[in-house]
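Beneath this line is the structure, given in structure tokens, with notes to follow.
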Amino acid sequence: MITIRPARADDAEAMPDIEQSAGLAFRAIPDLAWLADGDNVSAERHHELIAKGACWVAADEQDQPIGFLSAGVEGGALHIWELDVRLDRQGSGIGRALIERAIEDAKRRGLSTVTLTTFRDVAWNAPFYRKFGFRILEGAEVDGRLSGLLSGEAEHGMPLDRRCAMRLDLG
Numbered sequence: 056m057i058t059i060r061p062a063r064a065d066d067a068e069a070m071p072d073i074e075q076s077a078g079l080a081f082r083a084i085p086d087l088a089w090l091a092d093g094d095n096v097s098a099e100r101h102h103e104l105i106a107k108g109a110c111w112v113a114a115d116e117q118d119q120p121i122g123f124l125s126a127g128v129e130g131g132a133l134h135i136w137e138l139d140v141r142l143d144r145q146g147s148g149i150g151r152a153l154i155e156r157a158i159e160d161a162k163r164r165g166l167s168t169v170t171l172t173t174f175r176d177v178a179w180n181a182p183f184y185r186k187f188g189f190r191i192l193e194g195a196e197v198d199g200r201l202s203g204l205l206s207g208e209a210e211h212g213m214p215l216d217r218r219c220a221m222r223l224d225l226g
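Under our numbering, the sequence shown is numbered contiguously, ending at residue 226.
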């Protein structure tokens, strides 16, 4: 049985390995295969995000993390920085459960939106988030914060024409 729980400081060490495993899925997309070998978020950065209280892990029967969602409160939004599930556990509803937990938390905090940046055309990216009601932001809908994030991603080699910002309005 999988449990979704708040991330603890000792979970941070496992998160880069989970991210690395999840990233292997990009090998199935030739022009994005390089992402499978890219840099991961450091355990130190995960410690910082965990300390801010908007990170959750999916833990297995031995309470070992097999997936995680890292987020942060940015203005009136909960911004999802990272969602990763070990490659061998993908497709079993773990990502869905993590997203649902983050949305519940955003509502509990009284936030108005949940935001993220992702690939437009990768099945487990924008099409996945649309299932929860997220929508791709276009033109002037992309505020300065999200535009800055997309620009930063482009500076790190992400193909900007394939990236997008998405928002879920909480009502």
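The beta carbon of each residue, even a glycine, is placed where N, CA and C say it ideally should be.
Please read all numbers here as calculations on a predicted model, not as lab measurements.
- Message: Mapping the DSSP letters down to three states, classify F123 as helix, strand or coil.
- Response: Here F123 carries a strand assignment [DSSP, helix/strand/coil].
- Message: Quick check on L104: buried or exposed, where buried means 16 or more other Cβ atoms within 10 Å of its Cβ?
- Response: By the beta-carbon neighbour count (other beta carbons within 10 angstroms, threshold 16), L104 is buried.
- Query: Can you tell me where the beta strand (DSSP E) with E137 in it begins and where it stops?
  - Reply: That run of the beta strand (DSSP E) goes 132-140.
- Query: In three-state terms, what does DSSP make of F174?
  - Reply: Of the three classes helix, strand and coil, the one that applies to F174 here is strand, per DSSP.
- In the DSSP assignment, find the unbroken alpha helix (DSSP H) run with L215 in it and report its ends. Here L215 belongs to no alpha helix (DSSP H), and DSSP marks it neither H nor E.
- Is the segment 77-94 touching the segment 125-133 in the sense that three or more CB pairs, one from each, lie closer than 8 Å? Cβ pair count under 8 Å is below three, so no.
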